[in-house]
Amino acid sequence: MSQPGTDTATVTREDVGLTYQRCRWCGTPSFRRLLCPVCASSDLENERSTGEGVVVRSSVVHRYTRLARNESLIRFPEGFLYRCRVVGAEPHLVWIGARVRYTAEADTDVTAGEVVVELCDPAMRGGDWA
Ligand SMILES: [Zn+2]
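360 is the number of the first residue of the sequence shown in our numbering; add one for each residue after it.
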């Protein structure tokens with residue numbers, strides 16, 4: 360079993376959850392947008408997501424680094440989608456429909472601001488879930 364090895368440095372356990380924006384006019388949720396994607400209003404209100412979502416599209420990328428990593432499109436229950444980096448499994452083993460949980464924002468130079476989520480299913484972590 361190989362270890363992921365890259366998902367420990369930036370995890371902040373006390374601050375669980377994810378801040379997203381909801382339009383005050385039409386109620387559309389969005390994430391990291393300046394304007395509402397539906398009505399283009401800039402009157403957005405911050406709300407808190409549990410940060411638990413589901414993979415709707417999984418892709419392995421090699422951008423910025425020679426190491427493969429997974430960037431999947433995640434659907435959050437509050438109604439927005441965002442492309443996140445998935446850790447906790449080999450990049451090619453992240454499957455559609457997998458449950459994930461927000462862990463942290465990456466803070467290295469090349470990946471600043473990237474949202475990192477980890478797989479929820481302990482079975483996929485090789486039994487080392489704590
Ligand atoms: Zn709106």
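Where a beta carbon is used, it is the ideal one built from N, C-alpha and C, also for glycine.
Boundaries of the beta strand (DSSP E) harbouring alanine 463: 458–464, taken from the DSSP string.
For leucine 393, the three-state secondary structure derived from DSSP is coil.
Boundaries of the beta strand (DSSP E) harbouring tyrosine 379: 377–382, taken from the DSSP string. Shown here for glutamate 477: same chain residues with a beta carbon closer than 8 Å to its own, the five before and five after excluded, namely Asp366, Val445, Val446, Gly447, Val459, Arg460, Thr462 in chain order. The residue from Ser417, Arg434, Cys443, Phe435 with its alpha-carbon nearest to that of valine 453 is Ser417. Listed in chain order, the non-local C-beta contacts of arginine 442 below 6 Å within the same chain comprise Glu430, Leu432, local neighbours out to five positions each way being set aside. In this structure, the C-beta of serine 400 approaches ligand 1 to less than 6 Å from one of its heavy atoms.
Excluding residues up to 5 positions away in sequence, Tyr379, Pro388, Ser389, Phe390 lie with their Cβ nearer than 7 Å to the Cβ of phenylalanine 439 in the same chain.
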